Amino acid sequence: MTDKIKQNNETQSEANCMEKIVALAKRRGFVFQGSEIYGGLKGTWDYGPLGVALNNNIKREWWKMFVDSREDMYGLDASILMNAKVWEASGHTATFFDPLVEDTKTGERFRVDHLLKEGGIDVAGMTLAEMDTIIKDREIKSPQGNPLSPARQFNMMFETSVGATAGLDSTVYLRPETAQGIFVNFKNVVDSMSPKIPFGIAQIGKAFRNEIAPREWLFRVREFEQMEIEYFVRESEWEKQFEKLRLDMQKWHKHIGLSAENIREYEVPANDLAHYSKRTIDFEYNFPGKGFDELAGFAYRTDHDLKKHMEASGVSMEYIEPDGTRFIPHVLEPSFGVGRTFTAILCEAYTEDEMNGEVRTYLKLPAHLAPYRVAVSPLLRNKPELVEKARAVFSMLKAEFGNVAWDDNGNVGKRYRRQDEIGTPACIVIDFETLGQEKPELKDTVTVRNRDTGEQVRVVISDLMSYLK
Numbered sequence: 022m023t024d025k026i027k028q029n030n031e032t033q034s035e036a037n038c039m040e041k042i043v044a045l046a047k048r049r050g051f052v053f054q055g056s057e058i059y060g061g062l063k064g065t066w067d068y069g070p071l072g073v074a075l076n077n078n079i080k081r082e083w084w085k086m087f088v089d090s091r092e093d094m095y096g097l098d099a100s101i102l103m104n105a106k107v108w109e110a111s112g113h114t115a116t117f118f119d120p121l122v123e124d125t126k127t128g129e130r131f132r133v134d135h136l137l138k139e140g141g142i143d144v145a146g147m148t149l150a151e152m153d154t155i156i157k158d159r160e161i162k163s164p165q166g167n168p169l170s171p172a173r174q175f176n177m178m179f180e181t182s183v184g185a186t187a188g189l190d191s192t193v194y195l196r197p198e199t200a201q202g203i204f205v206n207f208k209n210v211v212d213s214m215s216p217k218i219p220f221g222i223a224q225i226g227k228a229f230r231n232e233i234a235p236r237e238w239l240f241r242v243r244e245f246e247q248m249e250i251e252y253f254v255r256e257s258e259w260e261k262q263f264e265k266l267r268l269d270m271q272k273w274h275k276h277i278g279l280s281a282e283n284i285r286e287y288e289v290p291a292n293d294l295a296h297y298s299k300r301t302i303d304f305e306y307n308f309p310g311k312g313f314d315e316l317a318g319f320a321y322r323t324d325h326d327l328k329k330h331m332e333a334s335g336v337s338m339e340y341i342e343p344d345g346t347r348f349i350p351h352v353l354e355p356s357f358g359v360g361r362t363f364t365a366i367l368c369e370a371y372t373e374d375e376m377n378g379e380v381r382t383y384l385k386l387p388a389h390l391a392p393y394r395v396a397v398s399p400l401l402r403n404k405p406e407l408v409e410k411a412r413a414v415f416s417m418l419k420a421e422f423g424n425v426a427w428d429d430n431g432n433v434g435k436r437y438r439r440q441d442e443i444g445t446p447a448c449i450v451i452d453f454e455t456l457g458q459e460k461p462e463l464k465d466t467v468t469v470r471n472r473d474t475g476e477q478v479r480v481v482i483s484d485l486m487s488y489l490k
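Encoded structure:
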């Protein structure tokens with residue numbers, strides 16, 4: 022087999038893997054198509070019961086690591102709707118555009134830079150006019166093989182109105198990022214909390230971007246959630262603090278179970294940096310069938326944002342040292358997409374193996390992220406004494422962990438397979454030995470099965486909580 026054929030087969034296999042993950046996510050209640058019963062709405066996805074649980078666990082762990090465990094972080098939850106002047110000051114109103122072309126026959130829209138990248142053309146630092154020239158000179162067609170319209174800019178912000186009457190004064194935007202909510206509240210946090218620099222303000226919240234061509238499941242959508250920090254430092258210390266936060270981001274990806282070989286750091290070249298950035302690193306994950314693409318971003322934004330808001334609002338954004346020294350802090354920004362993190366975790370966890378002569382699919386999720394930490398079952402659901410004992414164990418564990426499943430549907434083997442597929446680390450079965458009917462010495466013990474190995478051990482009920490922890 023030639024290297025090219027082997028590579029094509031591997032790519033196809035990875036694409037199939039991604040299809041299996043998406044199918045599992047719907048079948049088991051992780052992710053549904055938005056507005057599905059009406060044919061869906063492109064670029065929108067709804068998180069089902071298990072998706073909500075996994076998402077909440079991701080956000081809880083992130084907050085615990087980056088906020089609760091530190092002395093230099095403060096939380097914020099800013100409004101999605103903001104005064105339109107915020108986006109004028111930040112530059113979004115004038116510059117938040119994507120290059121767009123249309124299929125002249127179907128009217129379908131495409132990102133120009135994406136079409137060129139897929140054709141092997143490096144678009145870093147390229148202007149719209151230069152991209153348009155390449156489209157024309159090389160006669161690049163749409164994916165359907167049709168001619169393309171001239172390239173133009175497309176505003177990515179969702180515009181709406183507030184109040185009873187429409188007009189310029191009522192125009193607002195759904196925020197395209199969470200960062201500006203932090204910057205406009207910088208003075209409020211400093212005045213109310215008196216933080217010592219360096220310090221950070223963290224926020225988890227929704228953002229909205231009117232994507233031209235939403236695609237790749239949760240990877241590129243119109244409504245998404247961010248976990249973001251703006252970390253305020255003295256200009257002279259930015260490099261030292263940058264390195265510390267970079268290592269913290271590495272620890273985070275390890276904490277959520279992403280393997281080192283599937284993560285890489287991409288130093289964004291100077292000609293491709295955002296206008297506010299002096300240095301940016303993209304943390305990329307090796308998504309099946311897609312390859313390495315952005316998972317999280319880390320930017321040194323200098324004092325650009327605070328300075329712009331200070332100029333536009335007339336409100337001082339200076340930090341005052343105990344000795345009276347005043348200066349505008351510089352900013353480091355670690356930014357994480359919840360949806361992309363969710364996708365990477367599912368990709369990393371998806372596993373196929375063989376157990377008892379059959380192919381088994383399971384999610385090898387870390388226990389602190391799994392939707393259910395443990396599932397509890399009676400061996401037989403038509404035996405009241407087993408159900409009663411199982412309910413007592415379930416209630417005990419539910420009070421301790423919260424995310425505990427009750428499962429008495431089908432035989433024990435089917436329950437194991439079902440719980441494996443949704444990533445439950447352990448299954449507990451209450452059987453006749455638990456009641457002491459067959460082996461008195463095993464009374465008040467239960468069977469605990471390990472998801473990854475399939476091994477089963479007997480554990481005393483009073484030891485269950487410490488065993489599971």
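Residue numbers (this note's numbering): 22 to 490. Just so you know, even glycine gets a beta-carbon here, dropped at the ideal spot from N, CA and C. As the structure is a computational prediction, the values presented were derived from the model and not from experiment.
Beta-carbon gap between residue i and residue j smaller than 8 Å
{"i": "G72", "j": "Q247", "result": "no"}
{"i": "F229", "j": "F308", "result": "no"}
{"i": "L407", "j": "I451", "result": "yes"}
{"i": "A105", "j": "V205", "result": "no"}
{"i": "F131", "j": "V122", "result": "yes"}
{"i": "S191", "j": "T125", "result": "no"}
{"i": "E409", "j": "K311", "result": "no"}
{"i": "V480", "j": "D465", "result": "no"}
{"i": "V397", "j": "L418", "result": "yes"}
{"i": "L239", "j": "T372", "result": "no"}
{"i": "T127", "j": "N167", "result": "yes"}
Cβ-based neighbour list, residue i, same chain, cut-off 8 Å, excluding 5 preceding and 5 following
{"i": "F472", "result": "Looking at the sequence itself, residue 472 is Arg, so the reference to Phe does not match. Contacts found: Y383, K385, Q440, D441, G444, T445, P446, A447 and C448."}
{"i": "E421", "result": "M486"}
{"i": "D329", "result": "According to the sequence displayed, residue 329 carries Lys and not Asp. Cβ neighbours of K329 beyond the five flanking positions: A110, S111 and G112."}
{"i": "E332", "result": "A110"}
{"i": "G96", "result": "W84, V88, I222, A223 and Q224"}
{"i": "G345", "result": "none"}
Contacting residues, own chain, Cβ-Cβ under 6 Å from residue i (five flanking each side not counted)
{"i": "H325", "result": "Y297"}
{"i": "E459", "result": "F453"}
{"i": "K27", "result": "With a pLDDT of 41 at K27, under the threshold of 50, the modelled position of that residue is not reliable, and the figure given next carries that caveat. Cβ neighbours of K27 beyond the five flanking positions: none."}
{"i": "T23", "result": "With a pLDDT of 47 at T23, under the threshold of 50, the modelled position of that residue is not reliable, and the figure given next carries that caveat. Answer for T23: no residue qualifies."}
{"i": "L390", "result": "N78"}
{"i": "Q201", "result": "V107 and S111"}
{"i": "M39", "result": "P309 and G310"}
{"i": "V183", "result": "S191 and V193"}
Residue i versus the options, residue with shortest Cα-Cα distance
{"i": "L102", "options": "E92, G69, T199 and I161", "result": "T199"}
{"i": "P216", "options": "E476, I341, T301 and W108", "result": "I341"}
{"i": "T181", "options": "R196, A365, A172 and G431", "result": "R196"}
{"i": "Y252", "options": "R91, R81, R402 and A281", "result": "R91"}
{"i": "L492", "options": "F117, E354, D190 and I79", "result": "Nothing about residue 492 can be read from this structure; the chain reaches only from 22 to 490."}
{"i": "F207", "options": "A223, F51 and P70", "result": "A223"}
{"i": "K299", "options": "G312, E282, Y321 and Y306", "result": "Y321"}
{"i": "Y306", "options": "G278, V336, Y437 and A291", "result": "G278"}
{"i": "M86", "options": "V467, D269 and A426", "result": "D269"}
{"i": "V133", "options": "T154, M376 and Q271", "result": "T154"}
{"i": "T148", "options": "W83, V433, N292 and L75", "result": "N292"}
{"i": "G360", "options": "M39, L45, W66 and C38", "result": "W66"}
{"i": "W84", "options": "G202, G226, I42 and V183", "result": "G226"}
{"i": "M94", "options": "L463, V210 and A150", "result": "V210"}
{"i": "A281", "options": "K41, V289 and K272", "result": "K272"}
{"i": "K69", "options": "L390, V52 and K138", "result": "The question names Lys, yet the displayed sequence has Gly at residue 69. Minimum Cα distance to G69 is reached at V52."}
{"i": "P399", "options": "V43, D429 and D314", "result": "D429"}
{"i": "H351", "options": "I42, P219 and P392", "result": "P219"}
{"i": "E339", "options": "D212, G423, P461 and F313", "result": "D212"}
{"i": "P431", "options": "F313, V467 and R402", "result": "The residue asked about is misnamed: residue 431 is Gly in this sequence, not Pro. Of the listed residues, the one whose Cα sits closest to G431 is R402."}
Residues near residue i in its chain [Cβ-Cβ closer than 7 Å; skip 5 each side]
{"i": "P235", "result": "K63, G64, R241, V242 and R243"}
{"i": "I478", "result": "It should be noted that the sequence gives Val, not Ile, for residue 478. Cβ neighbours of V478 beyond the five flanking positions: V469."}
{"i": "G475", "result": "M376"}
{"i": "S356", "result": "Q247, E249, A317 and G318"}
{"i": "L353", "result": "Y252, V254, W259, Q262, F263, L266 and Y321"}
{"i": "A388", "result": "R394 and P446"}
{"i": "D119", "result": "R132, F175, M177 and I233"}
{"i": "G146", "result": "N292 and D293"}
{"i": "E369", "result": "G278, L279, S280 and N283"}
Residue i: CB within 7 Å of a non-hydrogen atom of the ligand GDP
{"i": "V52", "result": "With respect to small molecules bound, the structure shown includes none, and the ligand GDP cannot be examined in it."}
Please specify which runs of the alpha helix (DSSP H), each continuous and at least 4 residues long, are wholly inside the stretch 347-404, giving them in chain order. Complete alpha helix (DSSP H) runs here, min 4: 359-370.
Just to confirm the assignment: which complete beta strand (DSSP E) runs, minimum length 3, are found wholly within the stretch 162-195? Listed in chain order, the complete beta strand (DSSP E) runs (minimum 3 residues) inside the stretch 162-195 are 173-176, 179-182 and 192-195.
Report the residue ranges of all alpha helix (DSSP H) runs contained in full by the stretch 434-465; include only those spanning at least 4 residues, in chain order. Runs of the alpha helix (DSSP H) lying entirely within the stretch 434-465, each at least 4 residues long, are absent.
Along the chain, which unbroken stretches of the alpha helix (DSSP H) at least 4 residues long are found entirely within the stretch 232-300? The stretch 232-300 contains these whole alpha helix (DSSP H) runs: 259-276.
Does the stretch 370-384 come within contact of the stretch 257-272, defined as at least 3 CB pairs closer than 8 Å? Per the Cβ contact rule, the stretch 370-384 is not in contact with the stretch 257-272 (fewer than 3 Cβ pairs under 8 Å).
Should the stretch 38-57 be regarded as contacting the stretch 162-174, the criterion being three or more beta carbon pairs within less than 8 Å? They do not touch, by the three-pair rule.
For the stretch 309-348, list the beta strand (DSSP E) runs that are entirely contained and at least 3 residues long, ordered along the chain. Every beta strand (DSSP E) of 3 residues or more that sits fully in the stretch 309-348 is shown, in chain order, as 312-323.
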